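Report on the structure given below.
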Amino acid sequence: MVGLKPLTDRLEYRQEDLEKAKSHAAKVAVKISELESHLETVNASISNKKGEEVKSRNMIEELQKSLDQKHAEMETLKFETDHDRRLRGKMKQQLRLRRETLRTLQLTLRAIRIESEAIGTSAAGALQHTKLSDSEQENNVQLSLEEYSALTRRADEELALAEWRVSVSGEQREMAESRRDDAVTRLKQTYDQRKSRKMAIEAAAMTENKELKLKRAAYKDDHTTRNLAQVQKSGKRAPEANFMTENQAQEHKRDENNEDHATRKRVRSIKRKTTRREENKELACNQGYLQKIPKRMNVNPRRKMAKKKTSSIFYQIKRFFARNITRFFR
Numbered sequence: 001m002v003g004l005k006p007l008t009d010r011l012e013y014r015q016e017d018l019e020k021a022k023s024h025a026a027k028v029a030v031k032i033s034e035l036e037s038h039l040e041t042v043n044a045s046i047s048n049k050k051g052e053e054v055k056s057r058n059m060i061e062e063l064q065k066s067l068d069q070k071h072a073e074m075e076t077l078k079f080e081t082d083h084d085r086r087l088r089g090k091m092k093q094q095l096r097l098r099r100e101t102l103r104t105l106q107l108t109l110r111a112i113r114i115e116s117e118a119i120g121t122s123a124a125g126a127l128q129h130t131k132l133s134d135s136e137q138e139n140n141v142q143l144s145l146e147e148y149s150a151l152t153r154r155a156d157e158e159l160a161l162a163e164w165r166v167s168v169s170g171e172q173r174e175m176a177e178s179r180r181d182d183a184v185t186r187l188k189q190t191y192d193q194r195k196s197r198k199m200a201i202e203a204a205a206m207t208e209n210k211e212l213k214l215k216r217a218a219y220k221d222d223h224t225t226r227n228l229a230q231v232q233k234s235g236k237r238a239p240e241a242n243f244m245t246e247n248q249a250q251e252h253k254r255d256e257n258n259e260d261h262a263t264r265k266r267v268r269s270i271k272r273k274t275t276r277r278e279e280n281k282e283l284a285c286n287q288g289y290l291q292k293i294p295k296r297m298n299v300n301p302r303r304k305m306a307k308k309k310t311s312s313i314f315y316q317i318k319r320f321f322a323r324n325i326t327r328f329f330r
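Using the UniProt record's numbering, count along the sequence shown one by one with no gaps and you end on 330.
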């Protein structure tokens, strides 16, 4: 009996330990079930967040596309407004040129009319004086052959001078018309050159945009392939790597947008510089053309004095012939 007591004590002690272990195992099983349920909820929340992230990424891409479209529309509107402004300026320059040419032609016409009226009045006066000489035969003076030849020579010289003036005015009118035609052809050539340059610049910009789009598409393909490879290699750390690569892709997109904006700015500055140069050239050509056109179509600087002298000489010659030709031929 004495030998059995320690064995029973040991058995009781072992039973107590076993009960404690069972209770501890039950508690551990409860905790494991709780942790498993918590892990399932965490996995569900991660999947939901991934879906939300994909949706937000798609929304961001759509917004970026709409922003790019709006930016392209704004650029086209700016280009159209600049084109309309340049056309308006060109039309104003052409109007100014045509007004100046019309003014010069009106002045030449006025000068030719005045000269023709003067010649007509002189002819009418000569006829009147010849009629008066026929009626008046009392105050006649005899002339020698030398005096008559000198008077006729002077009359021929005056007539030749008047004809020369008329021919000079006609030549000057033809020169003005030829200069006007040259200016019009020059304007047409400059307009064609500007049009070809604009088309070349637009083609270069379109090719640059196409190249950028192709680069973006290639970069997106490389990015997707890399993400898939990273997902296949690393199972749980794939979202972090994907997030890092997505950040890098966003930075790359921003850099590409900045580069695209810089190229558009460069193209705009080149267009403005070319248009300014062409407008300055056109203004210089137009100013030179207007400076070449004389204000009064006359070569002789002493026109008024010559007119006065010719009118007085013609009048004297007519009076002399009217008084003395009848007596000389008797």
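Using N, Cα and C, we set each Cβ at its ideal position, and we do this for glycine too.
Since the model is a prediction, treat every value here as computed from it, not as a measurement.
Each of Arg197, Leu95, Leu109 and Ile114 was checked against the Cα of Gly170, and the nearest Cα belongs to Leu109.
Linking Phe79 to Ala72 through their CA atoms gives a straight-line distance of about 10 Å. Considering only Glu211, Leu102 and Ala205, the residue with the shortest C-alpha distance to Ser269 is Ala205. Ranked by how close their Cα comes to the Cα of Lys273, the residues Gln189, Leu127, Leu159 and Arg194 have Arg194 in first place. The beta carbons of Thr275 and Arg86 sit about 6 Å from each other, so the pair counts as a contact at 8 Å. Between Leu105 and Ala176, the CB-CB gap stays under 8 Å. Taken through DSSP and simplified to helix, strand or coil, Ser144 comes out as coil. Two segments are said to touch when three or more pairs of C-beta atoms, one from each, lie closer than 8 Å; by this definition the segment 109-120 touches the segment 153-173. A straight line joining the alpha-carbon of Asp156 with that of Arg103 spans about 34 Å. Annotation: Arg57 to Arg216 spans about 17 Å, alpha carbon to alpha carbon. Residue environment: Leu97 is assigned as buried (16 or more neighbouring CB atoms within 10 Å of its CB, all protein chains considered). For Ala150, same chain residues with a beta-carbon under 7 Å away, outside a window of 5 residues either side, do not exist. Taking the Cα of Thr101 as reference, the smallest distance to any Cα among Val28, Ser178 and Lys55 is reached at Ser178. Here the alpha carbon of Ala218 sits roughly 51 Å from the alpha carbon of Lys31. In its own chain, leaving out the 5 sequence neighbours on each side, no residue places its CB closer than 6 Å to the CB of Lys65. For Leu18 and Val42, the gap between their C-alpha atoms comes out near 35 Å. Beta-carbon to beta-carbon, Ala162 and Ile119 are separated by about 7 Å, close enough to satisfy the 8 Å threshold. If the five residues before and after Ala160 are omitted, its C-beta is found closer than 6 Å to no C-beta atom of its own chain. Runs of the alpha helix (DSSP H) lying entirely within the segment 82-117 and spanning at least 4 residues: none are present.
A straight-line Cα-Cα distance of about 17 Å links Thr190 and Asp82.
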